[in-house]
Amino acid sequence: MSLLTILEYPDPRLRTKATPLVAADFTAALQQQIDDMFETMYEAPGIGLAATQVDFHKQLIVIDVSEEKNQPWVLINPELTPLEPTCELMQEGCLSVPEYTADIERYLRIKVTSLDRHGNPQEFECEGLLAHCVQHECDHLKGIVFVDYLSRLKQERLRKKYLKLQKA
Ligand code: GNR
Ligand code: NI
């Protein structure tokens with residue numbers, strides 16, 4: 000197992016659109032990548048990590064929102080469907096935007112269709128923190144970072160602040 004480097008905003012690689020995994024991608028190397036992503040997420044610590052954040056541009060997400068950190072969940076080629084139009088605000092943070100949080104509006108209840116780590120189809124309904132996390136991670140796979148939902152002024156300030164921090 001090994002820790003992976005997490006890309007930090009405004010790194011342009013966070014804008015890469017991930018491609019779907021195909022049958023030939025389900026190798027031992029992929030299982031290693033998944034284990035390394037869990038280790039990196041738990042160490043950070045975070046409740047989710049998208050492959051985009053570790054510069055691996057495939058549609059792969061790891062999540063664990065449990066208190067005991069014993070419910071690892073892998074989503075491959077995820078597809079989301081809102082179950083109702085209701086949205087809710089929740090305070091979000093992101094491992095790629097350290098020490099910053101903002102209230103972000105997401106669907107309250109969603110259905111998630113995906114593959115598991117062995118390529119078997121799986122389907123879940125979720126809400127609350129898990130639903131927010133899944134939507135946040137799926138955004139990463141599309142090259143979207145949660146700060147993109149903030150005003151242009153706030154984004155410009157954040158961009159400058161993080162560029163300065165990275166040079167220091
Ligand atoms: O650790 C994380 N916490 C979190 C809190 C609310 C909504 C989403 C998240 S995801 C974040 C980890 C991360 O950056 N994943 O991409
Ligand atoms: Ni994030």
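Okay, so the sequence shown: first residue is 0 according to numbering that gives the first Met the number 0, each after it adds one.
Here a beta-carbon is modelled for each residue, glycine too, at the ideal position from N, C-alpha and C.
Keep in mind that this is a model prediction, so the values were computed, not measured.
Query                                                                                                                                    : Result
Using DSSP with H/G/I as helix, E/B as strand and the rest coil, what is I5?                                                             : coil
Mind checking D102: buried by the 16 CB within 10 Å criterion, or exposed?                                                               : exposed
Taking its Cβ as the centre, do 16 or more other Cβ atoms sit within 10 Å of E122, making it buried, or is it exposed?                   : exposed
Quick one: complete beta strand (DSSP E) runs, 3+ long, within the segment 39-98?                                                        : 47-49, 59-62, 72-81, 86-93
How should M36 be labelled, buried or exposed, when 16 other C-beta atoms within 10 angstroms of its C-beta is the threshold for buried? : buried
For F166, which of helix, strand or coil comes out of DSSP?                                                                              : It should be pointed out that residue 166 corresponds to Lys in this sequence rather than to Phe. The answer is helix: DSSP assigns K166 an H, G or I state.
Residues in its own chain within less than 6 Å of L94 by CB, not counting five upstream and five downstream?                             : I5, A43, G45
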